[in-house]
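Shown next, in structure tokens, is the structure this report addresses.
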Amino acid sequence: MTSIFLYDKHEEMKVTDVPNNYKNNFLLNFIGDPGVGKTHFVNRLCMAWTKGQFEIDPPFYLVFNIDLSRATSSQNIEDIIHDQYKHLGDNFTPQIIKMALEQGDHKILLVLDALDEFKWNKNPNITNILKKLYLEHV
Numbered sequence: 101m102t103s104i105f106l107y108d109k110h111e112e113m114k115v116t117d118v119p120n121n122y123k124n125n126f127l128l129n130f131i132g133d134p135g136v137g138k139t140h141f142v143n144r145l146c147m148a149w150t151k152g153q154f155e156i157d158p159p160f161y162l163v164f165n166i167d168l169s170r171a172t173s174s175q176n177i178e179d180i181i182h183d184q185y186k187h188l189g190d191n192f193t194p195q196i197i198k199m200a201l202e203q204g205d206h207k208i209l210l211v212l213d214a215l216d217e218f219k220w221n222k223n224p225n226i227t228n229i230l231k232k233l234y235l236e237h238v
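For the sequence shown, the numbering used here gives the first residue as 101, with consecutive numbering after it.
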């Protein structure tokens, strides 16, 4: 895992720096004090990815920016995504999300915000997924 430190909201890192400088990293960790702009930066990064502003091989065809502080202990990853993306309509069900995640061929980007607020011991569903992803790419 590569950690990217955001120290000061006045010292702005460019969104375009991330794919250019960290393209071989599957796990990026944005670290900084509260209020420094981590969430804002990640939101801008996700928007740029969804607009296809980066030349990434393979390109992501789905980008989910997930706020883990809103996740409950009983939810699995597809329920969390569904809950936070309800505005996409009735056809965007947890079953469809699960199928996309299982068959996505690494073309789905999951961005996890508020990882430091996540209750690891209260949600084994998400904890196991994160451990698996971490072990695969470290």
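Beta carbons: idealized from backbone N, C-alpha and C, even for Gly.
With 16 other Cβ atoms within 10 Å as the buried cut-off, status of residue i
i: His-187; result: exposed
i: Ile-131; result: exposed
i: Glu-202; result: exposed
i: Glu-178; result: buried
i: Asn-165; result: buried
C-beta neighbour in chain D for residue i, strict 8 Å
i: Trp-149; result: Here chain D cannot be found, since the structure has a single protein chain.
Per DSSP, the bridge partner or partners of residue i
i: Asn-165; result: Val-211
Start and end residues, alpha helix (DSSP H) containing residue i
i: His-187; result: No alpha helix (DSSP H) holds His-187; DSSP gives it neither H nor E.
i: Phe-218; result: Counting along the chain, Phe-218 falls outside any alpha helix (DSSP H), and DSSP gives it neither H nor E.
C-alpha gap between residue i and residue j, whole angstroms
i: Lys-231; j: Leu-215; result: 13 Å
i: Ile-196; j: Ile-229; result: 18 Å
i: Lys-207; j: Leu-162; result: 7 Å
i: Asp-167; j: Gln-153; result: 23 Å
i: Thr-150; j: Val-118; result: 14 Å
For the 8 Å Cβ check, are there 3 or more pairs between the region 132-145 and the region 174-185?
no
Can you confirm whether the region 218-229 touches the region 169-180 when touching is taken to mean that 3 or more C-beta pairs between the two stretches lie within less than 8 Å?
yes
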